[in-house]
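Chains as they are written, first to last, in our numbering: chain A, 1 to 230; chain B, 231 to 460.
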DNA sequence: CAGCATTCTATACACGCGTTCAGCGCTGGC
DNA sequence: GCCAGCGCTGAACGCGTGTATAGAATGCTG
C-alpha cells in the first residue's frame, strides 16, 4: 500500500525518479526559495538537464508551474492523510510550517500565497474547510464558543493566521532558505501569547460594538451599499 | 516665472509637478497596480517622457523605487497629521484602505508588503507604534482588556489585520485596480462579524491553554527576552 | 540487424529588459 | 557673439529570458 517514495530533502540524489519528476522537484525547490521569477535555465541546471528538455517535457514555463501546483496539492493531501489529522488538531499550520520534512512544500505554498493563483486559493479553501470542521468539534465539545457565522469565523482565522505568518516572513526573509522553519517557529513564539490571550480573554471589555453591529445588520439599510456579485 | 536652479534639497519637495515628480508619481501608480516588475519604458510612457530620462533623473530603477518609497512615507505621515489621528481611532487601516483619496498610496503599500523591503518594514513598525498607543488609550479608558505584553499584542493585531487583508486581495485580485477600495471594503465586511465576536467573546471557553502556556514560559513581561528593536 | 520513437543537448531566434550615449533645443551668463 | 549647462530624445548595447528546431544519443520493437 504505502509504496510511495517520499521526495527526500536535498542530499541524496534522486536517481530513481524519472527525469520529468526530477525537473518538477527542482522547480518546486527553486520556486519556493526564490519565487516564480526563477529562470528555466537555473531549474534545468539544478535538475542536471538542458533548458530545452524542460520545455520538451512541460511545454511551457506556465505549464511547469501548473504541474508543480498539482503535485504540491497531492503532497499536501497525502501528508494530511499520513499523520496530521489524528494528532495536531487545530494546529495544523504550526506543525506543517515547522516540520522539517515539509519545508519545500511549505516554502512553495508560501510563495503561492504571496503571488496568488489557483493553488493559493485552493490551499486556503481547504484550510478553511478543515478549520470549520475543527471548530465544530470544539464547539460540540464545549471548549470553543459558537459563532453566529461559523464559516466566516473559520475563514477569518485562517486568513489571519496565514496572512500574519506570510507577512512576518516577507518582512524579514531568511538568508538561508532552510531557516524557514526556524523563522516560522520564531513567529509562532512571538504571537502565541497575544493569540492565546485574545482567544480566552478577548480584547474588548464591553459588548457595545458587537451589539451595535448586530443591530445594524439586523436592520440592514441595504440600499446604501450595493452588494454585487455576492 | 521659470524654475530657478533646481534645488536638490531633500525633505522639502516642491509641490508643483516637475518632470521628476511626474515620473515618480507614474512609477508609484504602476508599481502599485502591477508590482515592481513594471518596466521603465511603461512608466516613462505614462509620464510622457522617454525611458532614458527616467534613468537620467533617478540613475537606476532601484533608486527610482527608493524615491517612491520615501515619497510614500512622507505622504503617509502627511495624511496622518492631516485628518486621521483625530477621528478614526483604531480603525486607521480601514479608513486608509477604503478612502478613495489614498487609493494609489494604499496600493503601493500593499505591493510593498507583498514584496518586502524597507518601506514595508517601516510601515508595519509605524502601525505597531500607533496600535500600541491606541490600545494603551483603550486600556486606560477601560474599554480594552490589558495584555501581559502590550507591544506583542499590538504587533500581533497589526500583522493579522494587514496580513489577512493582503492575503484576501492576493487571492482575489481586482481586475480594475481602481476597485481596490471596493475589494477592501468587501474584505472588511466579511471579517467584521467574526472579528467583533472574537474581540468581545473570545474563542475559547476555558482558560486552560492560556494558563498552561503561562506556567510553561513563566512570567513573560518584556524583560525576559530582549528583542532587538532595530 | 534495421527501423523507429523517445529522450536529451546544443544552438539559435526573437524579444524585452535596464542602461548608455551622442546629440538636440533651449536658456542664462560672460 | 559664444560657451556651458540642463532637460530631454532616440537609437543602440549587452544581457537574459522563454521558446523553437535540428540533430545526436539511447533504447525498444520488429
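For each residue, glycine too, the CB sits at the ideal point set by N, CA and C.
The model shown is predicted, which means the values in this text are computed figures rather than measured ones.
Using 9 angstroms as the threshold, is the C-beta distance between residue 302 of chain B and residue 358 of chain B below it? Counted from its first residue, the second chain places residue 302 of chain B at position 72. Counted from its first residue, the second chain places residue 358 of chain B at position 128. Against a cut-off of 9 angstroms, the Cβ pair of residue 358 of chain B and residue 302 of chain B comes out as no contact.
Quick one: what does DSSP say residue 259 of chain B is sitting in, helix, strand or coil? Locating residue 259 of chain B in the second chain gives position 29, where the first residue counts as 1. Helix at residue 259 of chain B.
At a Cβ cut of 9 angstroms, what residues of the region 393 to 426 of chain B count as close to chain A, listed as they run along the chain? 393, 394, 395, 396, 397, 398, 399, 400, 401, 402, 403, 412, 415, 416, 417, 419, 420, 421, 422, 423, 424, 425, 426
For chain B, find out if any of its Cβ atoms is closer than 9 angstroms to the Cβ of residue 6 of chain A; answer yes or no. Against the first chain, residue 6 of chain A aligns to sequence position 6. The predicted model places residue 6 of chain A with a pLDDT of 37, which falls under 50 and marks its position as unreliable, so this point remains unresolved.
Alpha helix (DSSP H) segment containing residue 328 of chain B, residue limits: The count along the second chain starts at 1 and reaches residue 328 of chain B at position 98. 322 to 328 is the span of the alpha helix (DSSP H), which, as asked, contains residue 328 of chain B.
Given residue 96 of chain A, which residues of its chain have a CB within under 7 angstroms of its CB, disregarding the five upstream and five downstream residues? In the first chain, counting from the first residue as 1, residue 96 of chain A sits at position 96. Taking C-beta separations shorter than 7 angstroms and ignoring five residues to either side along the sequence, the partners of residue 96 of chain A in its chain run 102, 106, following chain order.
Kindly indicate which three-state DSSP category residue 247 of chain B falls into: helix, strand or coil? Working through the second chain from its first residue, we reach residue 247 of chain B at position 17. Note: residue 247 of chain B maps to coil in three-state DSSP.
Out of B:304, B:435, B:247, B:273, point me to the one whose CA is closest to residue 352 of chain B's CA. Within the second chain, numbered from 1, the residue matching residue 352 of chain B stands at position 122. Out of B:304, B:435, B:247, B:273, B:304 has the C-alpha closest to the C-alpha of residue 352 of chain B.
Using a Cβ-Cβ cutoff of less than 6 angstroms, which residues in the same chain neighbour residue 35 of chain A once the five nearest sequence positions on both sides are dropped? Counting from one through the first chain, the residue named residue 35 of chain A turns up at place 35. Taken in chain order, the residues that qualify are 111.
Roughly how far, in whole angstroms, is the beta-carbon of residue 287 of chain B from the beta-carbon of residue 260 of chain B, given that I think they are within contact range, below 8 angstroms? Along the second chain, one-based indexing puts residue 287 of chain B at 57. Along the second chain, one-based indexing puts residue 260 of chain B at 30. With 8 angstroms as the limit, residue 287 of chain B and residue 260 of chain B do not qualify as a contact, their Cβ atoms being about 16 angstroms apart.
How many whole angstroms separate the CB atoms of residue 393 of chain B and residue 160 of chain A, which I take to be in contact at a CB cut-off of 8 angstroms? Within the second chain, numbered from 1, the residue matching residue 393 of chain B stands at position 163. Within the first chain, numbered from 1, the residue matching residue 160 of chain A stands at position 160. Their Cβ separation, rounded to whole angstroms, is 7 angstroms, which keeps residue 393 of chain B and residue 160 of chain A in contact under 8 angstroms.
Taking only three categories from DSSP, how would you classify residue 456 of chain B? Against the second chain, residue 456 of chain B aligns to sequence position 226. No answer about residue 456 of chain B holds up, because its pLDDT of 48 lies below 50 and its placement is not dependable.
Could you please give the first and the last residue of the uninterrupted alpha helix (DSSP H) stretch that includes residue 332 of chain B? Counting from one through the second chain, the residue named residue 332 of chain B turns up at place 102. Where residue 332 of chain B is concerned, there is no enclosing alpha helix (DSSP H), given that its DSSP letter is neither H nor E.
So residue 461 of chain B packs on residue 156 of chain A, CB below 8 angstroms; how close in whole Å? Coverage of chain B is limited to positions 231 through 460, which leaves residue 461 of chain B absent and any answer about it impossible.
Classify residue 330 of chain B as buried or exposed, calling it buried when 16 or more other Cβ atoms lie within 10 Å of its own Cβ. Along the second chain, one-based indexing puts residue 330 of chain B at 100. With fewer than 16 other Cβ atoms within 10 Å, it is exposed.
Would you kindly report the start and end of the unbroken alpha helix (DSSP H) that includes residue 41 of chain A? Stepping through the first chain from its first residue, residue 41 of chain A is reached at position 41. Counting along the chain, the alpha helix (DSSP H) containing residue 41 of chain A begins and ends at 40 to 47.
Is the CB-CB distance between residue 277 of chain B and residue 252 of chain B below 9 angstroms? Within the second chain, numbered from 1, the residue matching residue 277 of chain B stands at position 47. Within the second chain, numbered from 1, the residue matching residue 252 of chain B stands at position 22. Taking 9 angstroms as the Cβ cut-off, residue 277 of chain B and residue 252 of chain B qualify as a contacting pair.
With a cut-off of 8 angstroms, do at least 3 Cβ pairs link the region 427 to 446 of chain B to the region 199 to 215 of chain A? At 8 angstroms Cβ cutoff, the stretches touch.
May I ask you to list, following chain order, the residues of the region 427 to 439 of chain B that have a beta carbon less than 9 angstroms from some beta carbon of chain A? 427, 428, 429, 430, 431, 432, 433, 434, 435, 436, 437, 438, 439
Nearest-angstrom Cα separation, counted from residue 343 of chain B out to residue 282 of chain B: In the second chain, the residue the question calls residue 282 of chain B occupies position 52. In the second chain, the residue the question calls residue 343 of chain B occupies position 113. Straight through space, the alpha carbons of residue 343 of chain B and residue 282 of chain B are spaced by roughly 29 angstroms.
Can you confirm whether residue 443 of chain B, when its beta carbon is compared against all beta carbons of chain A, has any partner nearer than 9 angstroms? Within the second chain, numbered from 1, the residue matching residue 443 of chain B stands at position 213. Output row for residue 443 of chain B: interface = yes.
Roughly how far, in whole angstroms, is the beta-carbon of residue 354 of chain B from the beta-carbon of residue 298 of chain B, given that I think they are within contact range, below 8 angstroms? Taking the first residue of the second chain as 1, we reach residue 354 of chain B at position 124. Taking the first residue of the second chain as 1, we reach residue 298 of chain B at position 68. Not really, about 18 angstroms apart at Cβ, beyond 8 angstroms.
Paired residues, beta bridge with residue 204 of chain A - DSSP: In the first chain, the residue the question calls residue 204 of chain A occupies position 204. In DSSP, residue 204 of chain A forms a bridge with B:374.
Residues from the region 124 to 136 of chain A in contact with chain B, defined by Cβ distance under 7 angstroms: 124
Could you spell out where the alpha helix (DSSP H) holding residue 70 of chain A opens and where it closes? Reading the first chain from its first residue, position 70 is the one you call residue 70 of chain A. That run of the alpha helix (DSSP H) goes 61 to 79.
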